[in-house]
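Residue numbers (numbering that gives the first Met the number 0), protein chains in the order written: chain A, 0 to 862; chain B, 0 to 862. These notes concern the structure reproduced below.
There are 2 protein chains.
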Amino acid sequence: MKYVYYFKEGNKDARDLLGGKGANLAEMANLNLCVPNGFTITTKACHKYYEDNGLSDEIKNEILEKLKGLETLTKKKFNDKSNPLLVSVRSGAPISMPGMMDTILNLGMTEEICEEMAKTNPRMAYDSYRRLIEMYSDVVMGYDTSKFSGYLNEFKKVRGYTSDIDLTIDELKELILKYKEHYLEIGGSYFPDDPYIQLINAIEAVFKSWNNERAITYRKVMGISDLIGTAVNVQEMVYGNKNEKSASGVLFSRNPATGENVLTGEFLLNAQGEDVVAGVRTPEPIEKLKEIMPDVYNGLYETAQKLEAHYGDVQDMEFTIDDGRLYILQTRTSKRTPIANVKFALDFKNEGKIDEKGVIKMVKDSDLEVLLKPTFDENDLKNSKALTTGLPASPGGATGKLVFTSEEAKNSKLEDIILVREETSPEDIDGMLSAKGLLTKTGGLTSHAAIIARTFGVPTITGASEIEIDYNRKTLTIGDNTFNEGDYISIDGTTGNVYAGKLKLVAPNETKIMLNDILSIVKKYEKIQVRANADTKEEARLAMESGAKGIGLVRTEHMFFNEERILHMRKMILASTLKERKDELAILEKYQESDFEELIKEVSPYPVIVRYLDPPLHEFLPKENEIEDFSKESGIDEWVIRNKIKELSEVNPMMGFRGCRLAIKYNEICVMQTKALINAAIKSIKNGLKPNIEIMIPLTNDIREFKYVRAIVEKTITALFKAYNVKIPYKIGTMIETPRAALLSKEISKIADFYSFGTNDLTQLTYGLSRDDAGKFLNSYYDKNIYLSDPFKSVDELGVGALIKFAKSSASRKIEMGVCGEQGGDYNSIKFFTKIGLDYVSCSPNRVASARLSSAKVQIENE
Amino acid sequence: MKYVYYFKEGNKDARDLLGGKGANLAEMANLNLCVPNGFTITTKACHKYYEDNGLSDEIKNEILEKLKGLETLTKKKFNDKSNPLLVSVRSGAPISMPGMMDTILNLGMTEEICEEMAKTNPRMAYDSYRRLIEMYSDVVMGYDTSKFSGYLNEFKKVRGYTSDIDLTIDELKELILKYKEHYLEIGGSYFPDDPYIQLINAIEAVFKSWNNERAITYRKVMGISDLIGTAVNVQEMVYGNKNEKSASGVLFSRNPATGENVLTGEFLLNAQGEDVVAGVRTPEPIEKLKEIMPDVYNGLYETAQKLEAHYGDVQDMEFTIDDGRLYILQTRTSKRTPIANVKFALDFKNEGKIDEKGVIKMVKDSDLEVLLKPTFDENDLKNSKALTTGLPASPGGATGKLVFTSEEAKNSKLEDIILVREETSPEDIDGMLSAKGLLTKTGGLTSHAAIIARTFGVPTITGASEIEIDYNRKTLTIGDNTFNEGDYISIDGTTGNVYAGKLKLVAPNETKIMLNDILSIVKKYEKIQVRANADTKEEARLAMESGAKGIGLVRTEHMFFNEERILHMRKMILASTLKERKDELAILEKYQESDFEELIKEVSPYPVIVRYLDPPLHEFLPKENEIEDFSKESGIDEWVIRNKIKELSEVNPMMGFRGCRLAIKYNEICVMQTKALINAAIKSIKNGLKPNIEIMIPLTNDIREFKYVRAIVEKTITALFKAYNVKIPYKIGTMIETPRAALLSKEISKIADFYSFGTNDLTQLTYGLSRDDAGKFLNSYYDKNIYLSDPFKSVDELGVGALIKFAKSSASRKIEMGVCGEQGGDYNSIKFFTKIGLDYVSCSPNRVASARLSSAKVQIENE
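This is the structure in structure tokens:
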């Protein structure tokens with residue numbers, strides 16, 4: 000068994016064995032880039048380490064053997080004062096892992112070597128030794144940093160120094176003595192003066208850090224297996240702190256924030272790499288290097304080009320300049336903003352580096368949603384510190400004055416406002432629409448607020464659990480900051496960050512052009528059809544502009560929530576006779592008819608799937624504080640209202656008196672909606688349109704139940720067709736959102752013209768998991784690795800997916816089948832739905848573009 | 000096609016064609032019993048009638064042809080004044096159907112025939128004619144009865160008559176004239192003086208009445224198909240109103256109330272059959288006939304014996320004595336009380352009429368539950384009128400003083416009380432246990448109150464929607480009656496009837512002996528094992544006495560609701576540190592340990608399946624009006640309590656923070672329950688018992704989830720075994736109550752030692768139907784024939800059953816599988832669970848006997 004590899008022995012595809020860093024170092028070494036020599040101790044050694052509960056002699060020997068080889072390669076000697084080989088030791092797991100032990104520099108330094116080195120370059124010698132002790136104490140020994148880097152900071156502060164450069168040689172020497180004193184004091188042993196002990200301890204420390212608390216937590220959160228293990232890279236030191244012709248820096252082959260094709264990065268003269276990241280001095284922009292060391296700059300430019308071309312993606316590199324000579328210490332695929340990623344992809348295509356399919360593969364589905372949103376100015380962001388971070392529920396930046404109630408949000412139409420709520424209810428929709436952004440304390444990525452927000456494209460953060468709201472005093476408190484109503488805050492729904500004050504927003508004009516470029520490519524490859532969930536003409540238009548193939552879900556209840564209509568809705572619910580109810584329904588019918596007409600106009604000849612009234616009626620009734628007003632307005636006694644509220648209140652509304660159960664008890668509601676829809680369709684024909692309407696019955700769980708509702712609808716349609724002497728094609732289908740409906744598919748498919756799988760409710764029922772309440776315990780489930788992600792985000796193939804697949808495969812005939820609900824816009828779900836042969840997915844208008852991209856991605860993968 | 004059959008042409012098995020009445024008349028005619036001659040117009044004719052929208056000439060001709068034959072048989076002539084054939088026309092569907100047109104007597108009477116008959120028997124002549132017009136007007140023409148029978152009542156009242164017999168001949172003649180006048184007045188036509196017209200109209204009226212509103216409603220409620228149709232019987236009249244040697248009566252071959260083997264019935268001298276039923280005169284008991292006409296009595300006795308033997312069941316007969324001659328007009332299987340039915344079955348076996356299997360077939364599962372209950376005295380019942388009728392949720396009679404809160408119920412321990420509530424919550428359990436009976440306004444047969452009531456054997460009526468409760472005034476209003484706290488009421492949980500005052504209760508000693516007789520037979524045939532759901536030693540004892548094979552479900556949460564324990568439970572929930580929580584859990588552990596010890600003692604060596612804490616924690620927190628007291632008692636600030644209540648409140652608690660989710664967030668609860676159970680088992684071993692314990696994890700929906708909880712439990716057990724140096728066999732299994740758990744059975748069965756299907760929650764989730772809220776719309780579903788019965792009563796084979804079957808058949812290995820939940824005691828469900836091969840069902844202790852009977856029934860059917 001081989002546990003250690005020279006860089007030259009590996010390549011970029013050996014990540015599992017060598018870790019990401021090791022594989023890239025190997026690749027670069029083989030590309031003959033100027034990479035300091037070294038070797039990688041593999042992840043296999045890590046497993047063995049845990050198996051043996053320590054580093055075995057076998058592995059130790061192999062390390063020493065490779066170290067000998069390294070001496071040969073570098074023509075230096077380990078533990079040799081005249082020509083010392085010093086090394087860096089770095090962890091490198093196959094997947095990038097914050098929280099693990101990262102880097103120790105200058106390893107191999109001893110007192111003797113230091114003194115010898117000091118003869119020619121005292122600053123470098125003492126500075127390097129100081130750094131070694133500091134890092135070793137911290138990351139290998141786990142000693143309190145206040146005695147080392149903290150002590151140094153104090154030391155400089157007392158002397159008024161702003162930079163390490165200000166330290167005199169004597170002071171550096173003094174520091175080293177102090178460090179050693181502290182080291183002995185804390186651990187009871189001397190700082191090891193044996194380079195071999197330093198090396199073996201450092202390697203073991205890396206392996207140990209694989210299982211430290213932060214790393215474990217990170218893996219749990221990210222769903223990364225504990226079994227991967229980490230590798231360790233041992234590399235010859237080069238010295239950015241040698242002299243004024245030396246430097247350390249980081250470099251991106253293109254701008255990772257804007258996507259511009261310009262070398263981007265920064266560097267520090269006479270410094271080691273950690274200084275750039277740690278911010279002890281302010282680094283210079285990379286352009287400055289062009290002036291100081293034009294040759295080195297050119298070398299960097301060429302290397303960046305070469306690596307980007309070689310890896311086929313924008314690179315993030317670390318480099319060191321050692322006495323005017325350039326070394327590349329690391330390269331990896333650059334992190335980037337969504338906008339930058341899209342620009343990279345389009346530029347790569349224009350540069351002939353990738354083809355259209357390459358663009359589709361490179362652009363992430365989550366990128367596109369962001370392209371439609373205003374974002375915060377990069378500079379403003381840089382200068383602002385997030386007060387807290389919640390869940391990025393609906394992307395985009397928003398800034399405005401704080402308000403705490405939906406009512407206030409509605410009343411501040413002329414001002415930009417941010418609505419802050421503990422949680423939201425359906426009646427907050429008006430308020431949400433009036434707000435620039437929404438911030439809630441509770442709720443997850445698929446909570447009611449989040450779904451509605453994404454539907455309407457309102458930048459939103461949910462589950463910001465650290466915020467404290469006092470509705471009485473109208474204050475928002477985050478940590479030590481308290482904001483009053485009317486104070487400005489800014490929220491970034493793309494990251495989940497909350498900021499104080501007013502951040503500048505950048506309009507998305509340029510990004511819209513990019514979006515269209517992407518979609519014109521997507522169009523050629525997408526397979527499963529994408530429709531949108533839309534309730535208004537604005538949403539429908541937005542969806543069609545993004546290329547939706549119709550509306551997969553009109554939630555008709557949303558049409559009743561505005562101020563004018565809710566009055567009649569409530570009077571309808573409170574009607575004491577059938578006649579009264581019908582009178583109010585007649586008024587609502589006119590509203591709804593014109594809504595439907597508008598929708599058909601936007602979408603025709605593509606289909607409009609109208610879901611009949613779904614939520615429990617109590618959701619429409621006034622809240623306690625609205626009862627008095629409503630009573631005055633409607634002339635209905637308060638006690639009658641209260642009685643009805645009590646009568647309709649439910650223990651488990653999600654499984655209560657809703658869906659087609661409403662139509663069955665109150666046929667007249669179903670008749671009204673049918674009349675409104677058919678009359679709208681008839682009118683649209685007169686206007687030269689081709690209405691394509693599908694009527695969707697919600698919450699079906701029984702054959703006779705669907706038949707009953709279908710009969711009412713058909714009877715109404717037949718009468719209207721007869722009265723107007725027309726015939727319009729239509730379908731009557733059902734949501735499949737109860738497990739029973741899926742199980743009864745064989746029979747239901749005989750009488751339903753289409754299915755729309757309601758994945759939200761189907762997931763709730765299949766799991767027995769209330770979306771609105773899951774926040775109480777889901778974190779425990781994530782912490783304990785039980786659920787790896789929100790069960791509502793991607794379709795659960797084992798349970799919910801199995802039911803959908805069963806419903807599809809057991810259907811008695813071929814009928815249109817699609818998905819509405821949030822999973823309609825999710826990549827993994829789209830992949831599954833494509834695989835089992837569904838016809839379409841329907842998602843919120845803002846996700847249409849990304850869903851289409853996912854559709855194309857899935858198609859390309861399947862080729 | 001033959002549409003009309005002489006009685007002699009049919010037999011009892013031709014019910015579908017001849018209807019029940021026709022088939023029995025045919026059977027009796029063939030037994031050569033003295034049945035008036037006649038013929039039956041078949042259900043086929045009924046279908047043809049609806050097809051043709053009227054009676055076709057073909058059928059009319061066949062009727063007339065059979066009428067000719069009847070003239071020959073009776074040696075009388077239709078429409079002949081000198082020797083007139085009069086007939087009765089009666090409906091008779093294959094299934095007994097109240098609400099349909101029933102009977103017209105004396106049909107064929109004309110003015111001329113009446114006058115001729117009056118020459119020899121004027122009273123009979125005019126009385127019969129009067130009756131014909133009255134019935135014809137009512138049932139054939141649908142005229143307002145106030146002008147006929149109502150007019151007669153007025154007529155008698157004015158004259159101070161108490162009986163029809165008091166009417167003089169002249170008055171009878173006057174009545175006939177008045178009737179005819181009214182008849183003309185209402186319908187604008189004369190009363191038909193043509194016997195053929197009378198006959199055809201009457202037959203058509205029967206067919207029409209098949210589709211009258213009451214009949215349709217009845218069929219919907221009972222789940223009877225509209226397609227069966229009804230038959231019509233035309234039968235020669237015999238005259239119970241001929242003279243003082245004539246009579247009409249009803250007779251049971253044994254006593255249908257008590258089950259005693261004595262001829263039971265009543266009769267009226269000189270009356271037609273309807274008088275007995277209508278109660279215009281008070282009938283005489285049948286023993287009286289023995290004195291007056293001993294020969295006729297003997298004839299009746301012999302006929303009853305003959306028919307009972309022939310049909311193999313107790314018969315309910317109608318008879319007429321015509322001038323001293325006995326005629327049997329009808330026989331059918333007698334309705335009976337549950338107690339009577341059991342007695343019939345046991346007596347039949349003793350008389351050698353049926354064997355043991357016959358007993359099992361004859362006794363209904365619902366009978367046995369009643370045998371354990373006190374019932375109301377028959378006489379008291381006869382003299383009381385039910386004020387309203389709710390759902391018979393838990394059988395047995397109860398009488399006591401009204402109270403309106405659980406608190407008051409608990410405080411009145413020395414008195415018999417009836418608790419009346421709008422609905423019940425888990426905290427009402429203490430109150431329910433203190434009450435003799437429970438009456439609720441809302442809730443169905445499977446509502447929380449109903450389930451708990453059956454578990455504890457508390458006679459209960461739920462869903463008594465007509466009652467009005469005013470908690471402030473402490474009044475119960477039913478119609479015009481208002482009761483105050485402390486007033487006596489009586490409720491009959493077997494029938495759902497509510498009575499004013501204090502009805503006498505009869506103890507069930509005798510019936511308990513009968514129950515044991517039945518169970519000793521059942522024991523030889525039962526197959527699927529029956530266990531019980533029991534939380535206390537009393538329940539466990541009751542269950543074991545009824546022959547339960549262990550406890551299939553201990554709901555541990557019930558152990559925390561009593562006054563002493565709830566305090567610690569609440570403090571545990573409100574604990575602000577882990578230590579505080581553990582301190583309270585340590586107290587609860589001791590309680591629970593002793594509970595478990597008691598249960599093991601009752602049940603060992605049979606298994607005790609302990610379900611870990613299941614309900615959402617907010618169910619344990621104080622109600623608004625208890626907060627102040629609890630705050631004082633516990634020393635916890637009110638606002639802390641309120642905050643916790645708010646924090647834990649849920650939108651859909653059924654799918655919320657409950658089940659194993661509690662154990663996952665608060666491992667320590669799960670640890671506490673494990674310690675309590677294992678310590679109890681260890682103690683029981685020291686007491687020489689053989690504990691057989693199974694640990695059940697509730698609400699599992701995931702593989703990792705179950706593994707996680709299992710690991711906690713096993714770790715705790717291992718530590719205890721080590722500490723006490725013992726080993727006790729145990730199982731760790733799970734409820735299968737989410738659809739996902741059923742779908743993941745292949746994997747879950749690898750790591751769970753047993754399954755218990757929780758049919759209540761599985762039904763809720765599969766249907767998307769909240770048991771607590773379904774009352775709002777289920778009636779619409781029944782009315783409209785969508786659900787034929789409560790989805791929670793019997794297992795839904797298409798949906799829920801399919802999931803259970805899938806879970807069973809896809810399991811990776813053979814593990815114990817059973818059902819807990821109300822369906823465990825339901826016959827149809829037991830049949831299904833036996834078919835798919837489950838090992839046991841578990842039901843409330845009071846249903847164990849009936850479940851065992853069902854188990855035996857199913858086994859016999861499958862032979």
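In this text, a Cβ means the ideal position worked out from N, Cα and C, and glycines have one as well. The structure displayed is predicted, hence computed values, not measured ones.
Does DSSP put B/Gly-91 in a helix, in a strand, or in coil?
-> strand
Where B/Leu-743 and B/Gly-774 are concerned, what is the direct C-alpha to C-alpha distance, given to the nearest angstrom?
-> 32 Å
Interface positions of the stretch 404 to 432 of chain B facing chain A (Cβ-Cβ less than 8 Å), listed along the chain | none
Residues of the stretch 776 to 800 of chain B with Cβ closer than 8 Å to any Cβ of chain A, in chain order = Phe-776, Ser-779, Tyr-780, Lys-783, Asn-784, Ile-785, Tyr-786, Asp-795, Leu-797, Gly-798, Val-799
Cβ of A/Arg-580 within 9 Å of any chain B Cβ | no
CB of A/Leu-299 within 9 Å of CB of A/Thr-330, strictly | no
Neighbour flag for A/Arg-739 against chain B, beta carbons, 9 Å = yes
Does any CB atom of chain A fall closer than 9 Å to the CB of B/Gly-655?
-> yes
In angstroms, rounded to a whole number, what distance separates the CA positions of A/Asp-126 and A/Asp-193?
-> 19 Å
So, A/Lys-674 versus A/Leu-612, is the Cβ gap smaller than 9 Å?
-> no
Could you list the residues in the stretch 694 to 712 of chain B with a C-beta less than 8 Å from some C-beta on chain A, going in chain order?
-> Leu-698, Asn-700, Asp-701, Arg-703, Glu-704, Tyr-707
First and last residue of the uninterrupted beta strand (DSSP E) at B/Met-695 = 692 to 696
Do you know whose CA, among B/Thr-144, B/Ala-385, B/Tyr-217, lies nearest B/Leu-787's CA?
-> B/Tyr-217
Which of the three DSSP states, helix, strand or coil, is assigned to A/Arg-610?
-> strand
For A/Met-316, which option in A/Glu-301, A/Ser-633, A/Thr-332 has the closest C-alpha, if you only look at C-alpha atoms?
-> A/Thr-332
DSSP beta-bridge partners for A/Asp-321?
-> A/Arg-324
Using the DSSP secondary-structure output, state which residues sit across from B/Glu-283 in a beta bridge.
-> B/Phe-266
Which residues in chain B sit within 9 Å of A/Gln-763, going by Cβ to Cβ distance?
-> Asn-651, Met-654, Leu-764, Gly-767
Would you verify that the beta carbon of B/Glu-736 is, or is not, closer than 9 Å to some beta carbon of chain A?
-> yes
Just curious, the alpha helix (DSSP H) that A/Thr-459 is in, first and last residue?
-> It is not in any alpha helix (DSSP H) - A/Thr-459 instead sits in the beta strand (DSSP E) that spans 459 to 461.
Using a Cβ-Cβ cut-off of 9 Å, state whether A/Arg-564 counts as contacting chain B.
-> no
Residues in the stretch 664 to 690 of chain B with C-beta within 7 Å of chain A's C-beta atoms, listed in sequence order?
-> Lys-664
Between the stretch 565 to 579 of chain B and the stretch 649 to 663 of chain B, do three or more beta carbon pairs fall short of 8 Å?
-> no
Boundaries (first-last residue) of the beta strand (DSSP E) holding B/Met-734 | 729 to 735
Compare the C-beta of A/Asp-613 with all C-beta atoms of chain B and state if any pair is closer than 9 Å.
-> no
How many angstroms separate the CA atom of A/Thr-263 from the CA atom of A/Glu-290?
-> 15 Å
Closer than 9 Å to chain A by CB, B/Asp-225 = no
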